[in-house]
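Heads up, the thing below is written out as structure tokens.
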Amino acid sequence: MSARLRNILLWVVALAVLILLPQVVEDRYFMHIAVMAGIFTILTLSWNLLAGYTGQLNLGHAAFYGIGAYTSAILAMQTGLSPWLGLFAGGLVAALFGLMLGFPALRLSGPYLAITTIGFAEILRLVAMNWVELTRGSLGLSGVPLLTPIHIGDWRMQFYFERDYYYVVLAAVLFTLFCIRRLIGSEFGVTLQAMRDDEAGAQSIGINPSSYKLAVFTISAFFAGFAGGLFAHFARLVSPELLALHNTFDVLTMAMIGGLGTIAGPILGAVSLTILSEALRSMEEVLKIDIRLIVYGLLLILTILFMREGLVGVIKNVWARVKGDR
Amino acid sequence: MDSLFLQQVLNGLITGSVYSLIAIGLTMIFGVMKISNFAQGDYSMVGAYTAVFVMAWVGGWLGWIGSVVAAAAVVGLLGVVTERLVFRPLMTRWTDIDMIMVSIGLFILLDNLAQLFFGATPRMIGDPFGGTTVDLGVASTSLLRLFCFFFAGITIFCLELFLNRSRMGVAIRATSQNRFAAQLMGIDINQVYRITFGVGALLAGVGGVLYGTLFAIYPTMGALPTLKAFAVTILGGMGNIRGAIWGGLILGVAEALGGNYIAMEYKQAIGFFIIILVLLVKPSGLFGRKEGA
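Going down the list, the protein sequences come from chains S and W. For the first sequence, this note's numbering assigns the number 1 to the initial residue and increments by one for each residue that follows. For the second sequence, this note's numbering assigns the number 327 to the initial residue and increments by one for each residue that follows.
Have a look at this one:
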């Protein structure tokens, strides 16, 4: 079997499992977790696009998520815009903010960039808290409309249950994955990696790092905003909490544990940590304490110290060993 | 100038002196080891809780002094331990991202361990002076707050003595100027790292007692001192101790005035506005020199 055929087969099997999953598992709570895992997959993929492929550490990613959520929710509630368009509008507005932040951020790196992006997110969080007429402050916007039903001929799909949203989020993850894979595989993506590994070298062959970084900042923000819109219409509640620093920390923990600078890594990290955190939450009844974030912190430290390539690296190593034994 | 203005300036200077103290620890660690430690504020949190326990045990102004000493010891030790376990292994193969992320991991860990051990209820360090106020003519403040200000000053003075007069202090300064040359001169670089990190954490711990004296103490309080310390450090130039002293005072006064005259709701954001401005105009900080303690 050729490698290409095997790849296609793998994709088809994976997709079939994912599509059939809700038919087998009917538990609504499980579907809820699956939806959140999907939303975090998009967030982590988009964060990793910037951190993993350009080496720029954005600690304000939650701001883009929040901007997308607020934009989509406000547009649907105040202008009656279809939530389907709102998802993309949220992404676009987030992208606009990404562009705005990207300009000053280009000149910065390391701790300077990290703290500037935190500042950006914190300022916007305070705006969301205090612009009460628009955002209802710390109460947040509740009763965000559901995604509107789709009619195609006689076929009609409503979006009411977790399972319905599961399919929407699955499609959104595939869309994100498709875009990011295309981007990374293209000449653009190769240039990014060249820049990350040797910026001076890339410059010497006529690459302008600034415009590339700016483009990635904007694209990364777009997908985060898109994920925010999905969350808004799924959870039906948007609050300033979405912009808080700990959301960004969750995302970077997922990316790191999965494997920074890879495509499979963020997916693995987001899905496994979402499941792990639910498992730990159910243990809370037994242990009487919430150890979820203690485990997150510990895993993040251990990953950086002992398995820098993340889960993807571990799987690669195991795979290589299995192949070698044959 | 009305008295409200001067009152706010005084309040700002007092809070600012505490910011300076915590930020000096951060800037020292950065200057010598090039580590941006996002867990710095958690060292302050541990220092503050140490004070809560000592004060419950001893009390009075003796208890307050005792808590500063205890916090210095506990947090200094914590700093040495975390340096050895978390940061040292990365010193040979670090990238900016790894160092920042590992310190974020430490931040998440310490924050949540504190929640586990100390509970979510906010604590206070009592006022050993029974709320005595001091009238300075144009403005007044409590004796305790004034005491905090002087204590921050004394601690910074002791640090200056240590860095300028002791052998280890000179070794630390030499390492921050040129690590390789320092090694060639026979300085034990790992020892320098250990002491630098310990002292940097210790300053945050002492700062935490003062911070906890001025504000409420709760497990996740560490985020604010971390962010303030970074703001101060960037304002004063990363790795620049004098810069951090002035930066802290400037941030404290700016917050007090901004909170009073512009918008109370955005008080916590003032530091960020300032650093974004500084980074756009003069990325090396307000106080000249690029790097080196």
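Cβ atoms here follow ideal geometry from the backbone N, Cα and C, with glycine treated the same way. Just so you know, these numbers come straight off a predicted model, no measurement behind them.
Rounded straight-line distance, which links the Cα of W:G565 to that of W:G618: Position 292 of the second sequence, counted from the first residue, corresponds to residue 618 of chain W. Position 239 of the second sequence, counted from the first residue, corresponds to residue 565 of chain W. Here the model assigns W:G618 a pLDDT of 39, short of 50, so the residue's position is not dependable and the matter cannot be decided.
Under 9 Å by beta carbon: chain W residues contacting S:A215: Start at 1 with the first residue of the first sequence, and residue 215 of chain S comes out as number 215. Those do not exist, as S:A215 stays about 20 Å from chain W at its closest Cβ, beyond 9 Å.
Local conformation of W:M511 per DSSP, three classes: Numbered from its first residue, the second sequence carries residue 511 of chain W at position 185. Three-state result, W:M511: coil.
Per DSSP, cross-strand counterpart(s) of S:W155: Stepping through the first sequence from its first residue, residue 155 of chain S is reached at position 155. According to DSSP, which records beta bridges pairwise, S:W155 is partnered with S:I152.
DSSP state of W:D424 mapped onto helix, strand, coil: Taking the second sequence and counting its residues from 1, the one referred to as residue 424 of chain W is at position 98. Three-state DSSP puts W:D424 in a helix.
7 Å Cβ shell around S:I180 - same chain, five flanking residues per side excluded: Working through the first sequence from its first residue, we reach residue 180 of chain S at position 180. For S:I180, the CB contacts under 7 Å within the same chain, skipping 5 residues up- and downstream, are L45, L49 and I263 in chain order.
Nearest neighbour of S:L311, chosen from S:I304, S:G265 and S:A37 [CA to CA]: Taking the first sequence and counting its residues from 1, the one referred to as residue 311 of chain S is at position 311. Per the Cα distances, S:G265.
Extent of the continuous beta strand (DSSP E) run through W:D320: Nothing can be reported for residue 320 of chain W: it is not among the residues displayed for chain W, which extend from 327 to 619.
Residue from W:W390, W:I576 and W:S362 whose Cα sits closest to the Cα of W:Y375: Looking up residue 375 of chain W in the second sequence gives position 49. Looking at the Cα atoms, W:W390 is the closest of the given residues.
Interface positions of the region 578-593 of chain W facing chain S (Cβ-Cβ less than 7 Å), listed along the chain: For the region 578-593 of chain W, the beta-carbon criterion of a distance under 7 Å to any beta-carbon of chain S is satisfied by E591 and Y592.
Limits of the alpha helix (DSSP H) - the one that W:Q329 falls within: As a first step, residue 329 of chain W must be located in the second sequence, where it is residue number 3. Reading off the sequence shown, one finds Ser at residue 329 of chain W, where the question assumed Gln. First-last of the alpha helix (DSSP H) with W:S329: S329 to M359.
Residue interval of the alpha helix (DSSP H) (run including S:T79): On the first sequence, position 79 is the one that residue 79 of chain S refers to. Taken as a continuous stretch (DSSP letters only), S:T79 belongs to no alpha helix (DSSP H), as it is neither H nor E.
Cα-Cα separation between W:L411 and W:S502, rounded to whole angstroms: Sequence index remark: in the second sequence, residue 411 of chain W carries index 85 (1-based). Sequence index remark: in the second sequence, residue 502 of chain W carries index 176 (1-based). Cα-Cα distance, rounded: 22 Å.
Assigned secondary structure, S:V238 (DSSP; H/G/I helix, E/B strand, else coil): Locating residue 238 of chain S in the first sequence gives position 238, where the first residue counts as 1. When secondary structure is reduced to three states using DSSP, S:V238 falls in the strand class.
Start-to-end residues for the beta strand (DSSP E) that takes in W:S466: The count along the second sequence starts at 1 and reaches residue 466 of chain W at position 140. Unbroken beta strand (DSSP E) run through W:S466: S466 to S468.
For S:N317 and S:T176, the rounded distance between their alpha carbons: Working through the first sequence from its first residue, we reach residue 176 of chain S at position 176. Working through the first sequence from its first residue, we reach residue 317 of chain S at position 317. Rounded to whole angstroms, S:T176 to S:N317 spans 27 Å at the Cα level.
Contact list for S:N130 against chain W, beta-carbon separation under 7 Å: Within the first sequence, the letter at position 130 stands for residue 130 of chain S. By Cβ distance, chain W contributes E591.
Short-range partners of chain W found in the region 249-263 of chain S, where Cβ spacing is below 7 Å: So the list reads F249, L252 and M256, given in the order they occur along the chain.
Any chain S beta carbon closer than 7 Å to W:M371: As a first step, residue 371 of chain W must be located in the second sequence, where it is residue number 45. Any Cβ of chain S closer than 7 Å to the Cβ of W:M371 would place that residue at the interface, and such an atom is absent.
Buried/exposed call for W:P545, threshold 16 Cβ in 10 Å: For the purposes of this step, residue 545 of chain W is taken as the residue at position 219 of the second sequence. W:P545 comes out buried.
S:S211 versus S:T191: straight-line alpha-carbon distance, rounded: Here residue 211 of chain S corresponds to residue number 211 of the first sequence, with the count starting at 1. Here residue 191 of chain S corresponds to residue number 191 of the first sequence, with the count starting at 1. Looking at the two C-alpha atoms, the distance is approximately 12 Å.
Within chain S, the residues that W:F598 reaches when beta carbons sit closer than 7 Å: The residue given as residue 598 of chain W occupies position 272 in the second sequence. The contacting residues are G119, E122 and I123.
Residues of the region 417-433 of chain W whose Cβ lies closer than 7 Å to any Cβ of chain S, in chain order: Correct list: D422, I423, D424, I426, M427, V428, I430, G431 and L432.
Separation of S:D164 from S:W155, as counted between CA atoms: Translated into positions along the first sequence, residue 155 of chain S becomes position 155. Translated into positions along the first sequence, residue 164 of chain S becomes position 164. Going by the C-alpha atoms only, they are around 14 Å apart.
CB of S:H233 within 7 Å of CB of S:P83, strictly: For the purposes of this step, residue 233 of chain S is taken as residue 233 along the first sequence, with counting starting at 1. For the purposes of this step, residue 83 of chain S is taken as residue 83 along the first sequence, with counting starting at 1. Their beta carbons are under 7 Å apart, which means S:H233 touches S:P83 by this criterion.
Contact with chain S by W:L444, beta-carbon distance below 7 Å: Residue 444 of chain W sits at position 118 when you count from the first residue of the second sequence. According to the sequence shown, residue 444 of chain W is Phe rather than Leu. The Cβ of W:F444 sits no closer than 7 Å to any Cβ of chain S.
Pick from S:A73, S:A37 and S:E284 that is closest to S:L146, judged by C-alpha positions: The count along the first sequence starts at 1 and reaches residue 146 of chain S at position 146. The candidate whose alpha carbon is nearest that of S:L146 is S:A73.
Closer than 7 Å to chain S by CB, W:F413: Locating residue 413 of chain W in the second sequence gives position 87, where the first residue counts as 1. It does not: the Cβ of W:F413 has no partner Cβ on chain S nearer than 7 Å.
Status (buried if at least 16 other CB within 10 Å, exposed otherwise) for S:R281: As a working note, residue 281 of chain S is residue 281 in the first sequence. With fewer than 16 other Cβ atoms within 10 Å, it is exposed.
Terminal residues of the alpha helix (DSSP H) in which W:D368 lies: Locating residue 368 of chain W in the second sequence gives position 42, where the first residue counts as 1. Per DSSP, W:D368 belongs to the alpha helix (DSSP H) from Q366 to W383.
CA-to-CA distance, W:G351 to S:Q56, given in whole angstroms: For the purposes of this step, residue 56 of chain S is taken as the residue at position 56 of the first sequence. For the purposes of this step, residue 351 of chain W is taken as the residue at position 25 of the second sequence. If you take the alpha carbons of S:Q56 and W:G351, they lie about 25 Å apart.
Contact under 7 Å by Cβ, W:L577 with W:A549: Counting from one through the second sequence, the residue named residue 577 of chain W turns up at place 251. Counting from one through the second sequence, the residue named residue 549 of chain W turns up at place 223. Not a contact, by the Cβ cut-off of 7 Å.
S:S242 to S:L87 span [Cα, whole Å]: For the purposes of this step, residue 242 of chain S is taken as the residue at position 242 of the first sequence. For the purposes of this step, residue 87 of chain S is taken as the residue at position 87 of the first sequence. Per the sequence shown, the amino acid found at residue 242 of chain S is Leu instead of Ser. Whole-angstrom Cα-Cα distance: 16 Å.
Contacts of W:M359 in chain S (Cβ-Cβ under 7 Å): Residue numbering aside, residue 359 of chain W sits at position 33 when the second sequence is read from its first letter. For the C-beta of W:M359, not a single chain S residue is nearer than 7 Å; the gap to the nearest is close to 12 Å.
W:T546 - containing alpha helix (DSSP H), residue span: As a first step, residue 546 of chain W must be located in the second sequence, where it is residue number 220. That residue, W:T546, is in no alpha helix (DSSP H); it is neither H nor E in DSSP.
Pairwise C-alpha distance: S:A62 and S:N247: For the purposes of this step, residue 247 of chain S is identified with residue 247 of the first sequence, where counting begins at 1. For the purposes of this step, residue 62 of chain S is identified with residue 62 of the first sequence, where counting begins at 1. Answer to the nearest angstrom: the Cα atoms are 6 Å apart.
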